[in-house]
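So the protein lines, in turn, are chains A and B. Residues 33 to 315 (my numbering) are what the first sequence spells out, left to right. Residues 3 to 351 (my numbering) are what the second sequence spells out, left to right. Structure first, commentary second.
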Amino acid sequence: MALTTAAHPSVRRTRTRPRRVERALRGLRGWSGLLHLGLGVWFLLPLVPLLLWAVADRWSFPASLPQDYGLSGWRGALDQGAASALGRSLLLGLAVAGLAAPAGALAARGLVLGRVPLPGLVGAALLAPIAFPAFAVALGLDVLLIRTGVANLVGVVLLLAVAAIPYTTYTMRVAFGAYDLAYEDEARTLGATRRQVLLRVQLPMLAPALSGAAFLAFLVAWSDYVVTLLIGGGQVVTLPLVVASAASAIGNEAVVATTSLTAVLPPLVLLVLVRLLGRRRAA
Amino acid sequence: MSAHLELRGLTRRHDPDGPAALDSLDLDVLPGACVALLGPSGSGKTTALRLAAGLDVPDAGAVLLDGRDAAGVPPERRSTSMVFQRPLLFPHLSVLDNVAFSARVAGRSKRGARQDAQTYLDLVQLGGYGTRGAHELSSGQAQRVALARALAARPAVLLMDEPFSALDAALREDMHVLLGQLRAELQPTILLVTHDPLEAAALADTVAVLHAGRLQQHAPTGELYTRPSTLRVARLLGGRNEVAGTVTRGAHRSAFGPVPTTLPDGPAVLVVRQEAVALAAPGGPEPQARVQDVRPYGPRLLVTVRKDDGELLVEVPPGRPVSVDDPVGVTLVDPWVVPLLSLPAGEAG
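Here's what the structure looks like:
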């Protein structure tokens, strides 16, 4: 008796709820469709003139479209050293990612497992590079780096790695929070040494988070202007520096457009790779 | 695959000033035997298992494997595979590669390791599941794979930490049957931790009861039920009847009559399983009591009867109508007397 009375309402609910939910969803879909469209326009509209400028040889006011199409922007970019700057930016990004991601992972593991004294203070110190303006830090450290004779490039890599560590630490803290140390115990009792546990259990399980953290670190270095300019002393010419110098001159719109587009592509490719890796793990 | 595991005076204090999580535990697990460590949470049973596996270091005492002291031997060299309550299948590996894990870390080729793993997957009746991902299994299947993975390491001792307690009752029963089959086939030495007396009885040859880090009694399960050494053991195994009384001239005396005992004279407690009390028609030679309370308990009834200041809980099989205030005769089948529990300060019940 108790069973049948308990079953009835739930049966009725399963019949009526989907219809109600569906109606609500349909309404939401209308609004969210508009929202999606709006956001798309907001994000993508600025790219339209950029794309047009990249293939424009002449586009003068008040014409709404370029008058002459061509690749002069790309030639100009090559002349201004965009190719080598691209290579330098890539290397810088990879170097910073290679330093900041493992450092963030180690810091996060220590913080999550409670193996760090004064974890609140350490956590705050690790986040400090975000709180201080990069300009102030770079200007202060510039003097120090010159005095200690650290090479410009090394200085840039080190400083950008410090700037990226807050992001990698945060990402890895979340990952370690969800990571179960019992997996390591299990692996040990199955005969895995500490090294094998690291290589066969911990790294593969944390790979999606690690690649995400590395991507963030890469972006910090990839898009940096201030630190590269001040600490690099003008000798470390990366893509943002080329874009900025092109943008500061008049009549260079096509070059700015091509170099900017070039700057968008590598992170996009990396992002797709990171997502694919994450999906393969999840599948 | 079957080593002799001995725990000698094993002691572990997680907090140097606090009480010992495990206090001088002595335990023998003979080759091919299955011993259950039974106790409530916090009784130190998992600590004992982790010490045996080498995942934790004892403050005193020793773990002996086939007579050799395992002190300083890291977990990966002890040959003591562990099965935890959660399957802990590595999510980045297929089911087959999970089972092949131990062979791979031992340096075997991928192909050889997988062939070997397939044998163990077949053993747990999941031969066709090798290519699946760890998350594509039900909880019961995942725990079977975990068992296959532990066995594939050919452990000297298989350690199991509440391995089936996260499964529902039907699945748990299946796993008990499976473990029985695996024992018959491979004869592994097993040390099993559980808080469930029924599981301990179903799986183990002998059961060691732990309370507050101390071994209370180690005996075959049947003996634990009928001959508990202390009131704690009786309670832990689900015994509900405790009748206070006094021992004089070799018998415990209470409202329910004299029960022979070897305990010295003085206060003592009569324990008798609620399943081992029978109700008889009133007016017979048995002690006479009155029904105080009747509650349904599955197909049975849980009946409380009272005689003077003594109360007994009786599990009555279906088909015998009982109502409150009925006069009944009470027969105690196999009663047993244990010493009065001297409770440490601050411990209630």
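Glycine included, C-beta positions come from ideal geometry on N, C-alpha and C. Just so you know, these numbers come straight off a predicted model, no measurement behind them.
Under a 10 Å Cβ-count criterion, lysine 47 (chain B) is classified as buried, with 16 or more other Cβ atoms of the shown protein chains found around its own Cβ.
In the structure shown, isoleucine 197 (chain A) falls within a helical segment according to DSSP collapsed to helix, strand and coil. In this structure isoleucine 263 (chain A) is buried. Its beta-carbon is surrounded by 16 or more other beta-carbon atoms within 10 angstroms. Cα atoms of glycine 113 (chain A) and alanine 207 (chain A): separation of roughly 40 Å, rounded to the nearest angstrom. At a beta-carbon threshold of 8 Å, none of the residues of chain A lie near threonine 133 (chain B); the nearest stands roughly 13 Å away. A residue is called buried when at least 16 other Cβ atoms come within 10 angstroms of its Cβ; histidine 254 (chain B) meets this threshold and is buried.
For aspartate 25 (chain B), the number of other beta carbons within 10 angstroms of its own is at least 16, and it is reported as buried. When rounded, the separation of the alpha-carbon atoms in serine 81 (chain B) and arginine 147 (chain A) is 29 Å. The C-beta distance from leucine 205 (chain B) to leucine 181 (chain B) rounds to 6 Å, short enough to meet the 8 Å contact threshold. Scanning its chain for C-beta atoms nearer than 6 Å, with the 5 sequence neighbours on each side dropped, one finds around alanine 38 (chain B) the residues Leu194, Thr196, Ala202, Ala206, Val209, in chain order. When 8 Å is used as the limit between beta carbons, serine 83 (chain B) is near these residues of chain A: Thr221, Leu222, in chain order. For arginine 232 (chain A), the closest Cβ of chain B is nearer than 9 Å. Between threonine 191 (chain B) and alanine 5 (chain B), the CB-CB gap stays under 9 Å. Contacts between valine 107 (chain B) and chain A, judged by CB atoms closer than 8 Å, involve Ala219, Leu222, Gly223, Ala224, Thr225, Gln228, Arg232 in chain order.
Contact annotation: in the segment 141-167 of chain B, residues whose CB is within less than 9 Å of a CB in chain A are Ala148, Arg151, Ala152, Ala154, Ala155, Pro157, Leu161. Between the segment 277-290 of chain B and the segment 306-317 of chain B, the count of C-beta pairs closer than 8 Å reaches three or more; the two stretches touch. Distance from alanine 196 (chain A) to alanine 249 (chain A) at the Cβ level is roughly 4 Å; contact confirmed, criterion being Cβ atoms closer than 8 Å.
When C-beta distances to chain B are compared with 9 Å, the residues of the segment 196-216 of chain A below that value are Asp212, Ala214, Tyr215, in chain order. Its chain contains Val288, Thr291, Ser292, Ala295 as the residues whose beta carbon lies nearer than 7 Å to that of valine 275 (chain A), once the 5 sequence neighbours on both sides are disregarded; these appear in chain order. Closer than 9 Å to the CB of arginine 80 (chain B) there is at least one CB belonging to chain A.
Take valine 144 (chain A), set aside five residues on each side of it, and the residues of its chain with a beta-carbon closer than 7 Å to its own are Arg205, Phe208, Gly209, in chain order. Within the same chain, Pro272, Leu273, Ala276 come within 8 Å of tyrosine 257 (chain A) by CB-CB distance, once the 5 residues on both sides are set aside. Using a 10 angstroms sphere on the CB of serine 96 (chain B), the tally of other CB atoms reaches 16 or more, which defines it as buried. DSSP places threonine 180 (chain A) in the uninterrupted alpha helix (DSSP H) bounded by 166-180.
In this structure, the CA atom of glycine 132 (chain B) is about 42 Å from the CA atom of histidine 68 (chain A). If you look at arginine 292 (chain B), you'll find it in the beta strand (DSSP E) that goes 290-299. In the three-state reduction of the DSSP assignment, alanine 23 (chain B) falls in the coil class, being assigned neither a helical nor a strand state. Remark: C-beta atoms of glycine 285 (chain B) and glycine 331 (chain B) approach each other more closely than 9 Å. Counted as a single uninterrupted DSSP element, the beta strand (DSSP E) harbouring threonine 333 (chain B) occupies residues 329-334. When 9 Å is used as the limit between beta carbons, phenylalanine 258 (chain B) is near no residue of chain A, the shortest such separation being about 37 Å.
The beta carbon of leucine 66 (chain B) lies closer than 6 Å to those of Glu8 in the same chain, with the five residues before and after it left out. The Cβ-Cβ distance between leucine 334 (chain B) and leucine 233 (chain B) does not fall below 9 Å. Its Cα nearest to that of threonine 121 (chain B), the residue B:Leu98 stands out among B:Leu98, B:Ser111, B:Gly142, B:Glu138.
Taking a C-beta distance under 9 Å as the contact criterion, glycine 11 (chain B) and leucine 27 (chain B) qualify as a contact pair. Contact between the segment 299-306 of chain A and the segment 166-181 of chain B is absent: fewer than three C-beta pairs spanning the two stretches fall below 8 Å. According to DSSP, residue pairing for serine 96 (chain B) in a beta bridge involves B:Gly135.
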